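Asks: For reference, the structure I am asking about is given below.
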Amino acid sequence: MTQFYDLIGIGIGPYNLGLAALTEEQGNLDTIFFDQEGEFAWHPGMLISGTDLQVSFLADLVTFANPKSKYTFLNYLHAHNRLYKFFFFHKFEMPRAEYAAYLKWAADQLPSCHFQSEVMDVIDHHDHYEVVVNHWGLNEQKSYFTKHIAMGTGQTPIMPVDTGNNVEIEDVFHSSQYIYHKTHTLKANNITVVGSGQSASEIFYDLLKLQEHYTFHLTWYTRSPGFLQLDNSKLGQEVFSPDYVDYFHQLDFQSRVGSLDHLGQLRKGIDGETLHSIHELLYHRSVNNEQLPVTIQPLTEINAVRKDKDTLTVSAQQWQKEDSFTFTTDKLIMATGYKPNIPEWFYKRFEKKIVWEDEKRFQVDKNFKLVFAETNRSHHFYTLTNLDHSHGTGSTNLGLAVDRNIRIINEIAGEEVYKQQKETIFSQFIPKDN
């Protein structure tokens, strides 16, 4: 007899992992999750020693839905005899490496999570979906059937310049690969970091700390008008709340898209402590008024890269003055962000069935369902990626991922399995009725 699942999750990152944990503990929903990777790994190429997550440890997989869950970060610490150590750590934020270990610990405990399992196709039937999976470890292809889908395929790195065919991958690479290329990079004479966010700052600071032991010149370029600090004021951070996400979603499309630049500094700025540490280290090294082997320049965009013998020649522009220039470097590290990772089968099967708000942005309802042209559907397709335009701050924020999963679970179950928190902040975004 063919088994039908209530939900199949495609991709196992923090978002679908949290969904797996909450549905496993809920007990009444039959779910299964697939990921093509061999095992769970969260940004392994960016686990720089000494770096912390930019959100509270409360923004784990489950706490905002069920603080008593066995999958909380605090329970992970307790299970690994680290609760007192974290207590004396005196920080609200958890180390990135420990967050990655916590996620791996949770994934290893969840029987619904299957790795080495790549979703090759999703077929839309009358009242259910057929999910075709290649199980690489078992060397077999199998179909699974489900009432609902949750697509959590994450993001893929953006490389904004064409590097050509003669540039080696260890010479020009994305920040997501930094740890893998770090040893080789340190042997270079010139290293250039490009980017304006937290990843760029952490890589620059990591290299800056090591610079005294090597001979390289270190450069940091960003297209932004400055090295802008993340706004972490308490009231400012209240946009990372279910209340704001609900407000944002009900705006018209143009208003939502127009708000994204304003929200950028709240979502993508640099942690103030990192900027402070960089400046402090530079100041200490400059006490003898020596010329530091460091270049830091905003307002600069990279246009092209080519390999000339043993070095890279980079074409750039100071865009505010429209001043083009070239420079040479041995290593170019592109901390230039990510874009939604949408599988090919999605466009093949669903592009003409769903409603689009523009050429690249599909319409998503309040509870994270894709909106289909055919109304009156009983089988739903939830998406956890490509949500900037529909849910604003709720698209990639770890603290809001649990609220998203609560909405999905409650809707699928047809009842309030997990209580959805409302009026959670002091701010309001529209006048209340008298």
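Okay, so the sequence shown: first residue is 711 according to this note's numbering, each after it adds one.
For every residue, glycine included, the Cβ atom is placed at its ideal position computed from N, Cα and C.
No experiment lies behind these values; they were computed from the predicted model shown.
#1: Under 9 Å, do residue 725 and residue 1115 count as touching if we go by C-beta distance?
#2: Please determine, among 894, 1009, 998, 996, the residue with the shortest C-alpha to C-alpha distance to residue 935.
#3: Using DSSP's beta-bridge definition, name the partner residues of residue 1016.
#4: Can you look up residue 868 in the DSSP assignment and give me helix, strand or coil?
#5: With 16 as the cutoff for other CB atoms within 10 Å, does residue 912 come out buried or exposed?
#6: In the DSSP assignment, the alpha helix (DSSP H) including residue 787 goes from what residue to what residue?
#7: Just to confirm the assignment, what range does the alpha helix (DSSP H) spanning residue 724 have?
#8: Does the beta-carbon of residue 853 have 16 or more other beta-carbons within 10 angstroms, so that it is buried, or is it exposed?
#9: Curious, which full-length beta strand (DSSP E) runs of at least 3 residues does the segment 893-918 contain?
#10: Under three-state DSSP, which class holds residue 1122?
#11: Over what stretch of residues does the beta strand (DSSP E) that includes residue 860 continue unbroken?
#12: Rounded to whole angstroms, what is the Cα-Cα separation between residue 1086 and residue 1136?
#13: If we count Cβ pairs, one from each stretch, closer than 8 Å, do we get three or more for the segment 945-964 versus the segment 1033-1045?
#14: Between the alpha carbons of residue 721 and residue 1046, how many angstroms are there, rounded?
#15: Using C-beta distances below 6 Å, list every residue in its chain close to residue 988, excluding the 5 sequence neighbours before and after it, in chain order.
#16: Can you tell me whether DSSP reads residue 961 as helix, strand or coil?
#17: Taking the alpha carbon of residue 957 as the reference point, which residue from 871, 1061, 1101 has its own alpha carbon closest?
#18: If you check the beta carbons only, do residue 754 and residue 889 fall under 9 Å apart?
#19: What's the call for residue 1107, buried or exposed, on a 16-neighbour Cβ count within 10 Å?
#20: Report the partner residues of residue 1007 according to the DSSP bridge assignment.
#21: Secondary structure at residue 821, three-state DSSP: helix, strand or coil?
#22: Compute the beta-carbon to beta-carbon distance between residue 1089 and residue 800, rounded to the nearest angstrom, for a pair I have assumed lies under 8 Å.
#23: Check each candidate in 732, 839, 764 and name the one with the smallest Cα separation from residue 715.
#24: Counting pairs of beta carbons, one from the segment 830-844 and one from the segment 774-786, are three or more of them closer than 8 Å?
#25: Find out if the Cβ-Cβ distance for the pair residue 718, residue 856 is shorter than 9 Å.
#26: Can you give the Cα-Cα distance for residue 1007 and residue 997, rounded to whole angstroms?
#27: Can you tell me which of the three DSSP states residue 941 falls into?
#28: Between which two residues does the alpha helix (DSSP H) harbouring residue 992 extend?
#29: Can you say whether residue 798 is buried or exposed, counting buried as having 16 or more other CB atoms within 10 angstroms of its CB?
#30: Residue 887 by DSSP, collapsed to three states: which one?
#31: Between which two residues does the beta strand (DSSP E) harbouring residue 1163 extend?
#32: Does the count of Cβ pairs from the segment 970-988 and the segment 895-903 closer than 8 Å reach three?
#33: According to DSSP, residue 827 sits in a beta bridge with which residue or residues?
#34: CB residue 815 to CB residue 786, shorter than 9 Å?
#35: Give the secondary structure of residue 1128 by DSSP, where H, G and I count as helix, E and B as strand, and everything else as coil.
#36: Could you give the first and the last residue of the continuous alpha helix (DSSP H) run that contains residue 793?
Replies: Reading off the structure:
#1: yes
#2: 1009
#3: 1023
#4: coil
#5: buried
#6: 783-789
#7: 724-736
#8: exposed
#9: 900-904
#10: helix
#11: 850-861
#12: 38 Å
#13: no
#14: 23 Å
#15: 915
#16: coil
#17: 1101
#18: yes
#19: buried
#20: 931
#21: coil
#22: That pair is no contact at about 49 Å.
#23: 839
#24: no
#25: yes
#26: 21 Å
#27: coil
#28: 982-995
#29: exposed
#30: helix
#31: Only positions 711 to 1144 of the chain appear in this structure, which leaves residue 1163 out of reach.
#32: no
#33: 845
#34: yes
#35: coil
#36: 793-799
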